[in-house]
Amino acid sequence: MTKEINEIIAAYKKAVQKGVKTALATVVYVEGSSYRRPGARMLVEEDGRMTGAISGGCLEGDALRKALLAIHQNQNKLVTYNSMDEEDVEFGVQLGCNGIVHILFEPINAEDENNPIALLERSQLYRRETVLVTLFSLHNFHGHQPGTCFFLDKETNYSTIDDDALQAIVQTDASSILATGSSVIKEYESFELTAFVELLQPSVSLIIVGAGNDAFPLVEMTKVLGWQITVADGRSTHANAQRFPDVHQLIIGKPADVINQLVPDEWTVFLLMTHNYKYDLAMMKLLLQINCRYIGTLGPKKRLERMFDELKEEGITVTDEQRAMIHGPIGLDIGAEAAEEIALSVLAEIKAVFAARTGGFLKKRSVSIHTRNELELQKLSSNGK
790 MTKEINEIIA AYKKAVQKGV KTALATVVYV EGSSYRRPGA RMLVEEDGRM TGAISGGCLE
850 GDALRKALLA IHQNQNKLVT YNSMDEEDVE FGVQLGCNGI VHILFEPINA EDENNPIALL
910 ERSQLYRRET VLVTLFSLHN FHGHQPGTCF FLDKETNYST IDDDALQAIV QTDASSILAT
970 GSSVIKEYES FELTAFVELL QPSVSLIIVG AGNDAFPLVE MTKVLGWQIT VADGRSTHAN
1030 AQRFPDVHQL IIGKPADVIN QLVPDEWTVF LLMTHNYKYD LAMMKLLLQI NCRYIGTLGP
1090 KKRLERMFDE LKEEGITVTD EQRAMIHGPI GLDIGAEAAE EIALSVLAEI KAVFAARTGG
1150 FLKKRSVSIH TRNELELQKL SSNGK
């Protein structure tokens, strides 16, 4: 969702420059099935422009009306869309899924430096995990809806919660989410409030080591995903702004020069595809010293095994843990042949790795497509304890 958040932030800034009022619509809770899950967002401008999505397109028309009402009344609104009963036309829309979706509409005050959009922007400033807490009441739809009110990362926190007891509980739950790495829904029964405690993570940083023509479709597809892209190569004739005008970073040099210009983290992945065996081998040697999440190597498996053998001859043993993060040949087995097909296969594999999935056919999946965690199974009760 990082791309969607960044697009919302950019659209909001343009709206502020034009003096256009806005509201943020956020899916905060889902019962049953729905096209979008909690955390999906859409920015609505008073002139009707919308950025982001809260459904497959069926809710946006009604959501525009609700957002304009929130802007006009300058008040947060919680709206429920129910498609559990096909005969239910209360909201005049059909979700296309068998579920109940709760959406919070928050008018944005541009003069408030800690408004919901500002907190979202703050979550994107640094490559570290952030927890954002949105409070809402399922018991009193027409009453006070606190909205986006708490921000936490490893360095800072911010809160507009004025109840000390509630503040302490939210602080504890947010800190727990940073440790466990999974968003949850919490119900604070004694306060008659529900919280969407959301973990926001940095986008994937894709380091493409190799600026050949087969990198072009990788770059184009990665841009669609909103990932950060770095292209590195030892050849200035290949790694240049004319060939790759839209990447975040271009690096020219030997493997050691490349590594020295990077700050890899747990969301960084490397693809070795220079077609130069010695260059890739030297890069692999350096990457084994870094705690990478994913290293992919282009070419047949025997090429990768040859690397392992030569590294062993140099006294470098590749551990089982390191082998698990190294993928060669790269990509899912979809019968890819052309460069564009290979790019699709590679990016799908990286996504599967980050989602801890195997990349099989969804029709053969025996359980829910969406991860069954606290967001779907239950609302956890804190009861002020």
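Per the working numbering, the sequence shown starts with residue 790, numbered consecutively.
Using N, Cα and C, we set each Cβ at its ideal position, and we do this for glycine too.
Bear in mind the structure is a predicted one, so any value in this text is a computation, not a measurement.
Practice item. Could you tell me which residues DSSP pairs with M839 in its beta bridges? Key: Bridge partners of M839: V833.
Exercise for review: Spatial neighbours of A1021 within its chain, please: CB distance less than 6 Å, with the 5 preceding and 5 following residues excluded, ordered by chain position.
Suggested key: So the list reads V998, I1040, V1047, once near-sequence residues are dropped.
Practice item. Give the secondary structure of N871 by DSSP, where H, G and I count as helix, E and B as strand, and everything else as coil. Key: DSSP places N871 in strand when its eight states are reduced to three.
Exercise for review: May I ask you to list the residues that DSSP assigns as paired with I997?
Suggested key: Partner(s): V1020, L1060.
Point to revise | Straight-line gap, E1102 to T1086 (C-alpha atoms, nearest Å) | key: The straight-line gap from Cα to Cα measures roughly 20 Å.
Review point. Nearest to R1095 by CA position, among I797, A1071, Q864, N929, is which residue?
Key: Taking only the C-alpha atoms, the option nearest R1095 is A1071.
Check your understanding: From I797 to E910, what distance separates their C-alpha atoms?
Key -> Using only the alpha carbons, I get a separation of about 9 Å.
Review point. Excluding sequence positions up to five away, which residues of its chain have a Cβ less than 7 Å from the Cβ of T1068?
Key: Looking at the sequence provided, one finds Tyr at residue 1068 rather than Thr. Excluding residues within five positions, the ones whose Cβ falls inside 7 Å are G1023, P1044.
Practice item. Have a look at A899 and V805 and give me their C-alpha separation to the nearest angstrom. Key: Using only the alpha carbons, I get a separation of about 7 Å.
Point to revise | Within the segment 940 to 966, ranges of the beta strand (DSSP E) (whole runs, at least 3 residues) | key: As for any beta strand (DSSP E) of minimum length 3 sitting wholly inside the segment 940 to 966, the runs are 946 to 948, ordered along the chain.
Practice item. Counting only the same chain and skipping the five closest in sequence on each side, list residues whose C-beta sits under 6 Å from that of P896. Key: The residues A812, A859, I860, N863, in chain order, have a CB closer than 6 Å to that of P896 in the same chain once the five nearest residues on each side in sequence are set aside.
Check your understanding: First and last residue of the alpha helix (DSSP H) that includes Q1038?
Key -> If you look at Q1038, you'll find it isn't in any alpha helix (DSSP H); it sits in the beta strand (DSSP E) that goes 1038 to 1041.
Check your understanding: So the beta strand (DSSP E) V809 belongs to, where does it begin and stop?
Key -> Unbroken run through V809: none, as it is neither H nor E.
**Study point:** Paired residues, beta bridge with L893 - DSSP
**Key:** In DSSP, L893 forms a bridge with T815, L867.
Check your understanding: Quick one: any contact between the segment 974 to 988 and the segment 1007 to 1020, if contact means 3 or more CB pairs under 8 Å?
Key -> Verdict: no, contact absent.
Exercise for review: Could you name each continuous alpha helix (DSSP H) segment of 4 residues or more that falls completely within the segment 902 to 937, going from the start of the chain to the end?
Suggested key: If only uninterrupted alpha helix (DSSP H) runs of at least 4 residues are considered, those enclosed by the segment 902 to 937 are 905 to 914.
Review point. For A829 versus E793, is the C-beta distance shorter than 9 Å?
Key: It is a contact, given that the beta carbons lie within the stated cut-off.
Point to revise | Exposed unless 16 or more other CB atoms sit within 10 angstroms - verdict on G881 | key: Low local confidence applies: a pLDDT of 40 at G881 is under 50, so the model's placement there is unreliable, with the coordinate-based value given in what follows. It counts as exposed.
Practice item. Using beta-carbon positions only, say whether L867 and F925 come within less than 9 Å of one another. Key: Their beta carbons are under 9 Å apart, which means L867 touches F925 by this criterion.
Review point. Roughly how many angstroms separate the alpha carbons of F1143 and E1009, rounded to a whole number?
Key: For F1143 and E1009, the distance between alpha carbons rounds to 20 Å.
Review point. V1036 to T1019, Cα distance in whole Å?
Key: One Cα belongs to V1036, the other to T1019, and the distance between them is close to 6 Å.
**Study point:** Euclidean distance between Cα positions of T1106 and L1100
**Key:** A direct Cα-Cα distance of roughly 7 Å separates T1106 from L1100.
**Study point:** Sheet register partners of H1116 (DSSP bridge)
**Key:** H1116 pairs with G1085.
Point to revise | Closest residue to R1112 among I1123, L1136, Q1078, A1137 (Cα-Cα distance) | key: Closest option to R1112, Cα to Cα, is Q1078.
Check your understanding: In whole angstroms, what separates the C-alpha of L893 from that of N1080?
Key -> Cα to Cα, the separation comes out at about 39 Å.
Point to revise | Helix, strand or coil at E1103 [DSSP, three-state] | key: E1103: coil per DSSP, three-state reduction.
Check your understanding: If we count Cβ pairs, one from each stretch, closer than 8 Å, do we get three or more for the segment 1123 to 1138 versus the segment 1000 to 1007?
Key -> Yes, since at least three Cβ pairs between the segment 1123 to 1138 and the segment 1000 to 1007 fall closer than 8 Å, the two stretches touch.
Point to revise | Nearest residue (CA-CA) to V1052, options A800, I889, N871, R916 | key: It is R916 whose Cα lies nearest to the Cα of V1052.
Practice item. Using the DSSP secondary-structure output, state which residues sit across from G821 in a beta bridge. Key: Residue pairing by DSSP places G821 opposite G888 in a beta bridge.
Exercise for review: Out of S912, N1029, T1011, state which residue places its alpha-carbon closest to the alpha-carbon of A1000.
Suggested key: Residue N1029 is the option with its Cα nearest to A1000.
Review point. How many angstroms separate the CA atom of H891 from the CA atom of E981?
Key: Between the alpha carbons of H891 and E981 lies a distance of about 16 Å.
Review point. By DSSP, does L858 sit in helix, in strand, or in coil?
Key: If DSSP states are grouped into helix, strand and coil, L858 belongs with the helices.
Review point. If you drop the 5 nearest sequence neighbours on each side, which residues of the same chain put their C-beta closer than 6 Å to that of L941?
Key: In chain order, V920, A963 place their CB closer than 6 Å to the CB of L941, counting only its own chain and leaving out the 5 sequence neighbours on each side.
Point to revise | Cβ neighbours of Q1038 in the same chain (closer than 6 Å, five flanking residues each side left out) | key: Excluding sequence neighbours, Q1038 sits near T1019.
**Study point:** Backbone secondary structure at Q883 - three-state DSSP
**Key:** Note that Q883 scores 49 on pLDDT, short of 50, meaning its location in the model is unreliable; the coordinates nonetheless yield the value given after this. It is coil, neither helix nor strand.
Check your understanding: Counting along the chain, where does the alpha helix (DSSP H) carrying D1067 start and finish?
Key -> Note that residue 1067 is Lys in the sequence shown, not Asp. Note, K1067: alpha helix (DSSP H), 1066 to 1076.
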